[in-house]
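Student: Before we start, here is the structure in question, set down as structure tokens.
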Amino acid sequence: MSSADIYREIILDYYRNPRNYGKIQNPDIAQKDSNPLCGDELEMHLNIKDNKVADVKFTGKGCAISQASASMLTELIIGKDFEYVKKLTKEDILDNLGLHELGPARIKCALLSLKVLKYGLYSYLSEKLKDTASADRIKEEASGLY
Amino acid sequence: MSSADIYREIILDYYRNPRNYGKIQNPDIAQKDSNPLCGDELEMHLNIKDNKVADVKFTGKGCAISQASASMLTELIIGKDFEYVKKLTKEDILDNLGLHELGPARIKCALLSLKVLKYGLYSYLSEKLKDTASADRIKEEASGLY
Amino acid sequence: MQTSVINIESIRKDFPILKRKVHKDKPLIYFDNAATTQKPIQVIEAISNYYLNYNSNIHRAVHELAEEATAAYENTRDKVAKFINVKNREEIVFVRGTTEAINLVTYSWGRQNVHRDDIIVTTEYEHHSNIVPWQLLAKETGAKLEYIGVDDNGELILDQLDGYLDSGRVKIVTFSHMSNVLGTITKSDEIIRKCRKKDVRVLVDAAQSVPHMEVDLQKLDCDFFAFSAHKMLGPTGVGVLWAKKELLESMSPFNGGGDMIREVHKYETTWNDLPYKFEAGTPNIADVIGFSTAIDYLERIGMDKVREHEMELTKYALDKLSQIKGMKLYGTNEIAKRGGVISFNLGDIHPHDLATIIDEDGIAIRSGHHCAQVLMERLDVAATSRASFYIYNTKEEVDVFIRSLYRAKELFRI
Amino acid sequence: MQTSVINIESIRKDFPILKRKVHKDKPLIYFDNAATTQKPIQVIEAISNYYLNYNSNIHRAVHELAEEATAAYENTRDKVAKFINVKNREEIVFVRGTTEAINLVTYSWGRQNVHRDDIIVTTEYEHHSNIVPWQLLAKETGAKLEYIGVDDNGELILDQLDGYLDSGRVKIVTFSHMSNVLGTITKSDEIIRKCRKKDVRVLVDAAQSVPHMEVDLQKLDCDFFAFSAHKMLGPTGVGVLWAKKELLESMSPFNGGGDMIREVHKYETTWNDLPYKFEAGTPNIADVIGFSTAIDYLERIGMDKVREHEMELTKYALDKLSQIKGMKLYGTNEIAKRGGVISFNLGDIHPHDLATIIDEDGIAIRSGHHCAQVLMERLDVAATSRASFYIYNTKEEVDVFIRSLYRAKELFRI
Ligand SMILES: Cc1ncc(COP(=O)(O)O)c(C=O)c1O
Ligand SMILES: Cc1ncc(COP(=O)(O)O)c(C=O)c1O
Numbered sequence: 094m095s096s097a098d099i100y101r102e103i104i105l106d107y108y109r110n111p112r113n114y115g116k117i118q119n120p121d122i123a124q125k126d127s128n129p130l131c132g133d134e135l136e137m138h139l140n141i142k143d144n145k146v147a148d149v150k151f152t153g154k155g156c157a158i159s160q161a162s163a164s165m166l167t168e169l170i171i172g173k174d175f176e177y178v179k180k181l182t183k184e185d186i187l188d189n190l191g192l193h194e195l196g197p198a199r200i201k202c203a204l205l206s207l208k209v210l211k212y213g214l215y216s217y218l219s220e221k222l223k224d225t226a227s228a229d230r231i232k233e234e235a236s237g238l239y
Numbered sequence: 094m095s096s097a098d099i100y101r102e103i104i105l106d107y108y109r110n111p112r113n114y115g116k117i118q119n120p121d122i123a124q125k126d127s128n129p130l131c132g133d134e135l136e137m138h139l140n141i142k143d144n145k146v147a148d149v150k151f152t153g154k155g156c157a158i159s160q161a162s163a164s165m166l167t168e169l170i171i172g173k174d175f176e177y178v179k180k181l182t183k184e185d186i187l188d189n190l191g192l193h194e195l196g197p198a199r200i201k202c203a204l205l206s207l208k209v210l211k212y213g214l215y216s217y218l219s220e221k222l223k224d225t226a227s228a229d230r231i232k233e234e235a236s237g238l239y
Numbered sequence: 009m010q011t012s013v014i015n016i017e018s019i020r021k022d023f024p025i026l027k028r029k030v031h032k033d034k035p036l037i038y039f040d041n042a043a044t045t046q047k048p049i050q051v052i053e054a055i056s057n058y059y060l061n062y063n064s065n066i067h068r069a070v071h072e073l074a075e076e077a078t079a080a081y082e083n084t085r086d087k088v089a090k091f092i093n094v095k096n097r098e099e100i101v102f103v104r105g106t107t108e109a110i111n112l113v114t115y116s117w118g119r120q121n122v123h124r125d126d127i128i129v130t131t132e133y134e135h136h137s138n139i140v141p142w143q144l145l146a147k148e149t150g151a152k153l154e155y156i157g158v159d160d161n162g163e164l165i166l167d168q169l170d171g172y173l174d175s176g177r178v179k180i181v182t183f184s185h186m187s188n189v190l191g192t193i194t195k196s197d198e199i200i201r202k203c204r205k206k207d208v209r210v211l212v213d214a215a216q217s218v219p220h221m222e223v224d225l226q227k228l229d230c231d232f233f234a235f236s237a238h239k240m241l242g243p244t245g246v247g248v249l250w251a252k253k254e255l256l257e258s259m260s261p262f263n264g265g266g267d268m269i270r271e272v273h274k275y276e277t278t279w280n281d282l283p284y285k286f287e288a289g290t291p292n293i294a295d296v297i298g299f300s301t302a303i304d305y306l307e308r309i310g311m312d313k314v315r316e317h318e319m320e321l322t323k324y325a326l327d328k329l330s331q332i333k334g335m336k337l338y339g340t341n342e343i344a345k346r347g348g349v350i351s352f353n354l355g356d357i358h359p360h361d362l363a364t365i366i367d368e369d370g371i372a373i374r375s376g377h378h379c380a381q382v383l384m385e386r387l388d389v390a391a392t393s394r395a396s397f398y399i400y401n402t403k404e405e406v407d408v409f410i411r412s413l414y415r416a417k418e419l420f421r422i
Numbered sequence: 009m010q011t012s013v014i015n016i017e018s019i020r021k022d023f024p025i026l027k028r029k030v031h032k033d034k035p036l037i038y039f040d041n042a043a044t045t046q047k048p049i050q051v052i053e054a055i056s057n058y059y060l061n062y063n064s065n066i067h068r069a070v071h072e073l074a075e076e077a078t079a080a081y082e083n084t085r086d087k088v089a090k091f092i093n094v095k096n097r098e099e100i101v102f103v104r105g106t107t108e109a110i111n112l113v114t115y116s117w118g119r120q121n122v123h124r125d126d127i128i129v130t131t132e133y134e135h136h137s138n139i140v141p142w143q144l145l146a147k148e149t150g151a152k153l154e155y156i157g158v159d160d161n162g163e164l165i166l167d168q169l170d171g172y173l174d175s176g177r178v179k180i181v182t183f184s185h186m187s188n189v190l191g192t193i194t195k196s197d198e199i200i201r202k203c204r205k206k207d208v209r210v211l212v213d214a215a216q217s218v219p220h221m222e223v224d225l226q227k228l229d230c231d232f233f234a235f236s237a238h239k240m241l242g243p244t245g246v247g248v249l250w251a252k253k254e255l256l257e258s259m260s261p262f263n264g265g266g267d268m269i270r271e272v273h274k275y276e277t278t279w280n281d282l283p284y285k286f287e288a289g290t291p292n293i294a295d296v297i298g299f300s301t302a303i304d305y306l307e308r309i310g311m312d313k314v315r316e317h318e319m320e321l322t323k324y325a326l327d328k329l330s331q332i333k334g335m336k337l338y339g340t341n342e343i344a345k346r347g348g349v350i351s352f353n354l355g356d357i358h359p360h361d362l363a364t365i366i367d368e369d370g371i372a373i374r375s376g377h378h379c380a381q382v383l384m385e386r387l388d389v390a391a392t393s394r395a396s397f398y399i400y401n402t403k404e405e406v407d408v409f410i411r412s413l414y415r416a417k418e419l420f421r422i
């Protein structure tokens with residue numbers, strides 16, 4: 094897709110005015126990752142209450158795609174059922190962003206936040222919920238994202 | 094040059110019946126080297142008396158060229174003035190062997206004995222005669238042989 | 009006169025070098041394949057094509073050339089994984105060759121896991137690449153290096169391994185899958201089974217096996233596995249280290265530099281994911297890409313066919329060689345137990361002299377210690393001559409070779 | 009619109025890739041030369057020619073192919089020695105690239121000579137290849153790593169070096185001859201003079217200098233010197249470590265294996281002569297041979313001309329770039345002090361986004377940390393965009409680039 098399609102008003106807006114930017118005190122889930130190739134960094138914090146995403150925030154630095162994607166992801170999952178979050182796919186994220194046909198280098202930017210989220214879920218599921226079966230599946234998904 | 098020219102009767106004879114093969118007890122010069130590429134080994138022993146090569150012997154294993162060359166070199170220098178030995182060149186050896194136009198790999202076989210001899214002279218000149226000027230020149234020659 | 013299994017005529021057309029003449033007018037007969045093989049035109053063109061059309065540094069840039077180059081480079085990784093049947097592509101590390109692969113293991117795994125008085129077991133028929141790195145490691149750590157001996161049939165004396173394993177101090181057993189001098193195919197399964205029982209690590213030097221036979225790493229349960237592209241139709245400067253993920257993860261890096269890091273700070277650094285943690289600096293991009301085409305080529309023929317062809321040729325050659333008076337052949341004559349590598353000595357003709365003589369007839373063989381001096385000591389020879397075959401060699405070439413050996417005998421009057 | 013010094017039209021004809029289109033119909037403008045350069049057809053053909061005509065393993069065989077290949081491989085060594093003006097060919101060691109060269113030094117020289125509480129001095133503008141190996145060495149030995157800072161003009165603050173040297177504990181100072189991000193040319197003579205006085209060793213990372221300017225190692229009195237072929241028209245997978253003979257002789261080997269030994273016995277081994285002691289295993293023969301043709305190509309143009317051309321182009325580009333509103337340029341604007349590498353940031357456009365946008369116009373630049381995260385921290389940015397030039401780049405291409413930057417501004421509404 095062309096730059097004009099990627100850098101639409103909404104992406105630039107989320108890049109410049111990211112929603113849910115920041116940290117949570119004592120989060121249930123705190124996960125951080127960076128993309129070793131480009132140096133983008135991302136940290137996500139979540140609180141889970143009554144099997145729902147009670148709060149979610151992110152911090153990071155990176156390109157418009159990675160920052161907008163992270164911010165839009167937080168909006169997508171806040172208040173949602175935990176089950177919903179567990180099932181999120183690559184396609185859900187790209188649909189939500191309205192970004193398709195990104196090249197192999199840039200798709201990593203769009204998916205970094207989902208990767209961080211999935212690794213966060215993995216730790217939470219295995220350490221706090223002792224649900225190793227789901228945890229392993231999610232870890233597998235995370236490592237196979239790109 | 095062709096194999097037929099290289100493996101003349103005389104070379105094969107020196108290969109199979111090497112003259113001056115063996116070791117000297119308490120030699121004035123004892124020098125050893127090997128060709129790391131093909132594994133050929135050669136050791137030369139010399140006695141120097143009255144500025145002359147009083148005795149010389151060699152041991153080693155290797156191809157017909159290297160063994161014949163070593164043996165013929167011992168014959169060339171035995172009884173000769175020390176000065177004569179110091180001046181021996183690559184061309185002298187090849188003339189003596191009747192071998193010219195050897196390829197870059199095989200010329201090393203022909204010159205291994207001269208290299209060993211020169212390194213032996215170097216040690217002798219520098220350690221026993223303290224003639225560092227000649228010694229350094231000869232070392233330079235030895236290392237530049239091939 | 010081709011063997012019955014593969015269509016040599018059509019294969020030979022892909023190797024332009026086979027049309028060249030040496031020593032003015034002698035058709036080249038290339039029997040030095042254990043040292044390095046020739047390359048089909050497809051591989052040569054894949055390399056040119058990369059430089060002509062999409063040369064770029066990889067992994068870090070977003071421009072189109074970089075994306076094409078990265079995809080092609082990473083595609084080779086997938087292809088290698090499939091070729092030796094491993095599940096995880098990130099277990100495939102590109103290095104310069106078998107030698108670097110083994111050094112990577114001795115530096116990264118060895119220095120972490122081998123300690124004073126531990127035992128490293130290797131064999132008497134190893135290539136220097138699988139001895140010297142372990143000697144260096146043993147010297148640094150105070151570990152001991154022990155050798156499994158070679159019997160008169162050219163096979164390993166595996167009872168000796170039991171003795172070492174019983175000591176309880178063995179950390180790793182390292183051996184070549186196929187000897188580059190004797191052609192012996194090692195009984196890997198048996199060694200690995202024994203090692204597994206004692207929780208001992210196993211490195212397989214596959215420099216001579218992967219090019220010549222089917223290899224399945226899901227069956228061969230070793231820990232480390234190393235081979236070189238240039239010995240299997242691929243370019244020089246590329247090799248593969250495969251190792252189990254848990255091991256690679258537990259190992260500290262080998263070379264430090266670009267691409268192998270996650271984050272570099274002044275005083276501390278974190279490592280990249282596998283396999284990149286072990287691929288520091290700009291890799292040999294063009295040749296890794298060329299290697300992919302070499303694998304395609306071999307797969308199209310089929311590794312079972314490659315093996316069959318070589319067996320037929322080896323049998324043919326051994327039969328003829330053993331009829332020459334004064335011929336000393338090393339290694340077993342059971343074809344099923346050996347690859348297409350034949351070491352020999354003819355009378356008292358030194359191998360260098362022999363190689364020079366038959367080179368005049370256009371035949372390229374190797375002479376010397378074949379980077380296996382420990383084996384030379386065991387065989388009690390200074391050197392051997394070695395003829396080694398590959399997919400483009402024919403029985404006709406073997407005939408020329410045999411005639412040339414008779415000429416050598418004449419020249420040496422034996 | 010070529011610069012006044014070299015005949016770009018005729019040079020461009022030698023680079024077939026420059027005729028290709030990217031993103032369907034955009035002529036390729038390749039400004040990612042600091043990452044890797046394109047290759048002239050002569051180099052590509054030299055590699056093919058090797059495989060087509062005389063491919064063989066080297067050094068150990070006596071057949072005709074091996075002799076031709078060995079001669080060509082060793083000929084490159086002579087050529088490199090002449091190109092950087094060193095006297096002793098045996099001081100030239102072929103490695104995979106700058107990264108491996110530096111690791112060779114940290115492993116072989118470093119572990120012998122650097123001890124607890126010693127100081128290793130590097131700089132804030134180093135490539136990861138000249139930081140991470142030293143971090144690994146420091147960790148292993150207990151030595152300290154210190155950094156020479158970078159001032160706001162992008163130059164090293166050499167006073168800090170004096171402070172370190174005064175401690176009397178510095179063992180080595182290691183720095184890049186030219187920064188791969190800022191383009192700054194390091195005041196090497198001054199650093200080396202200071203180090204000589206204290207008998208401190210010096211390593212020069214010349215990955216960005218040798219390709220772009222004349223280098224004379226008999227004048228530059230350093231101890232170690234490293235660079236990569238792929239950044240100077242040569243193939244991937246080849247680099248050079250030069251070091252003083254006495255140092256190489258005193259150092260223990262790096263990788264163990266074939267070719268680097270004199271005699272291997274079961275429990276002890278002796279090393280081959282220089283430079284072979286440091287070239288274990290089958291080297292990257294084809295690409296070393298191809299590298300020779302790259303050097304020929306550069307010599308034919310003349311390194312002084314290469315430098316002049318790049319200065320003219322850099323000045324032209326800097327002038328235009330500095331007129332763009334919101335443009336932040338890094339490094340000095342004194343052309344004589346810098347090479348043809350320009351790092352910048354445009355408004356709040358992240359470099360990856362910028363690279364993606366201008367890639368659509370056919371322009372290949374690099375974006376990111378450029379393997380220099382320590383410098384990124386110093387500059388207080390996550391990333392920069394980087395355009396870097398070489399002999400085939402033109403002012404016209406710079407114009408297209410500038411127009412593309414304006415398009416990016418529009419897209420980002422700044
Ligand atoms: C200054 C500098 N040093 C070292 C390197 C590493 O070179 P290579 O990746 O060829 O090993 C580079 C380039 O990537 C560089 O620019
Ligand atoms: C059995 C064996 N191991 C290791 C090697 C070393 O391979 P390379 O020189 O490609 O590193 C070779 C070939 O030379 C070999 O035959």
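Chains as they are written, first to last, in the numbering used here: chain A, 94 to 239; chain B, 94 to 239; chain C, 9 to 422; chain D, 9 to 422. In this text, a Cβ means the ideal position worked out from N, Cα and C, and glycines have one as well.
So which of D:Val101, D:Ile49, D:Ile139, D:His220 has the shortest CA-CA distance to Met268 (chain C)?
Tutor: Walking along the third sequence from the start, residue 268 (chain C) turns up at place 260. Selected option, being the one with the closest Cα: D:Ile139.
Student: Tell me the start and end of each unbroken beta strand (DSSP E) in the region 52-130 of chain C that is at least 3 residues and wholly inside, in chain order.
Tutor: You should have 100-103.
Student: Do Val296 (chain D) and Val248 (chain D) have their beta-carbon atoms positioned less than 7 angstroms apart in this structure?
Tutor: Here the question's residue 248 (chain D) lines up with position 240 in the fourth sequence. Here the question's residue 296 (chain D) lines up with position 288 in the fourth sequence. Against a cut-off of 7 angstroms, the Cβ pair of Val296 (chain D) and Val248 (chain D) comes out as no contact.
Student: Can you name, in chain order, every residue of its own chain whose Cβ lies under 7 angstroms from the Cβ of Ile309 (chain C), other than the five neighbours on each side?
Tutor: As a working mapping, residue 309 (chain C) is identified with position 301 in the third sequence. Ile14, Ile399, listed in sequence order.
Student: Whose Cβ in chain D lies nearer than 8 angstroms to the Cβ of Ala198 (chain B)?
Tutor: To locate residue 198 (chain B), count along the second sequence from 1; it is residue 105. Within chain D, the residues near Ala198 (chain B) are Ala69, Val70, Ala74, Glu75, Thr78.
Student: Does DSSP classify Val181 (chain C) as helix, strand or coil?
Tutor: Within the third sequence, the letter at position 173 stands for residue 181 (chain C). DSSP places Val181 (chain C) in strand when its eight states are reduced to three.
Student: Count the other C-beta atoms from every protein chain shown that fall within 10 angstroms of the C-beta of Asn280 (chain D), then say buried if there are 16 or more, exposed otherwise.
Tutor: For the purposes of this step, residue 280 (chain D) is taken as the residue at position 272 of the fourth sequence. So Asn280 (chain D) counts as buried.
Student: Does the contact criterion of 3 or more C-beta pairs under 8 angstroms hold for the region 188-201 of chain D versus the region 92-107 of chain D?
Tutor: Touching, no, given that fewer than three Cβ pairs across the two stretches are closer than 8 angstroms.
Student: I'd like to know if the region 125-141 of chain B and the region 181-188 of chain B are in contact, where contact means that at least 3 CB-CB pairs between them fall below 8 angstroms.
Tutor: At 8 angstroms Cβ cutoff, the stretches do not touch.
Student: Any heavy atom of ligand 1 inside 6 angstroms of the beta-carbon of Ser236 (chain D)?
Tutor: As a position in the fourth sequence, residue 236 (chain D) is number 228, starting the count at 1. The answer is yes for Ser236 (chain D).
Student: Under three-state DSSP, which class holds Phe397 (chain C)?
Tutor: Along the third sequence, one-based indexing puts residue 397 (chain C) at 389. In this structure, Phe397 (chain C) counts as coil in the three-state DSSP scheme.
Student: Among D:Thr131, D:Thr182, D:Gly355, D:Tyr172, which one has its Cα closest to the Cα of Val158 (chain D)?
Tutor: Your numbering for residue 158 (chain D) matches position 150 in the fourth sequence. For Val158 (chain D), the nearest C-alpha among the options comes from D:Thr131.
Student: Between the beta-carbon of Thr106 (chain D) and the beta-carbon of Ala251 (chain D), is there less than 7 angstroms?
Tutor: Locating residue 106 (chain D) in the fourth sequence gives position 98, where the first residue counts as 1. Locating residue 251 (chain D) in the fourth sequence gives position 243, where the first residue counts as 1. Cβ distance not < 7 angstroms, so Thr106 (chain D) and Ala251 (chain D) don't count as in contact.
Student: Looking at the C-beta of Val382 (chain C), does it have a partner C-beta in chain D at a distance below 7 angstroms?
Tutor: Within the third sequence, residue 382 (chain C) is the residue found at index 374, counting from 1. It does; some Cβ of chain D falls within 7 angstroms.
Student: Compute every distance between the C-beta of Ala215 (chain C) and the non-hydrogen atoms of ligand 2, then say whether any falls below 6 angstroms.
Tutor: As a first step, residue 215 (chain C) must be located in the third sequence, where it is residue number 207. Ala215 (chain C) Cβ: within cutoff of ligand 2.
Student: Answer yes or no: does any C-beta atom of chain B fall closer than 7 angstroms to that of Ile365 (chain C)?
Tutor: By one-based count along the third sequence, residue 365 (chain C) stands at place 357. Yes, its Cβ sits closer than 7 angstroms to a Cβ of chain B.
Student: Can you find the residues in the same chain that come closer than 6 angstroms, C-beta to C-beta, to Lys154 (chain B), ignoring five residues on each side of it along the sequence?
Tutor: Indexing the second sequence from 1 puts residue 154 (chain B) at position 61. Excluding residues within five positions, the ones whose Cβ falls inside 6 angstroms are Glu134.
Student: Can you grab the Cα-Cα spacing for the pair Val272 (chain D) / Tyr38 (chain D), in whole Å?
Tutor: Here residue 272 (chain D) refers to the residue found at position 264 when the fourth sequence is read from its first residue. Here residue 38 (chain D) refers to the residue found at position 30 when the fourth sequence is read from its first residue. Between Val272 (chain D) and Tyr38 (chain D), the C-alpha separation is close to 49 angstroms.
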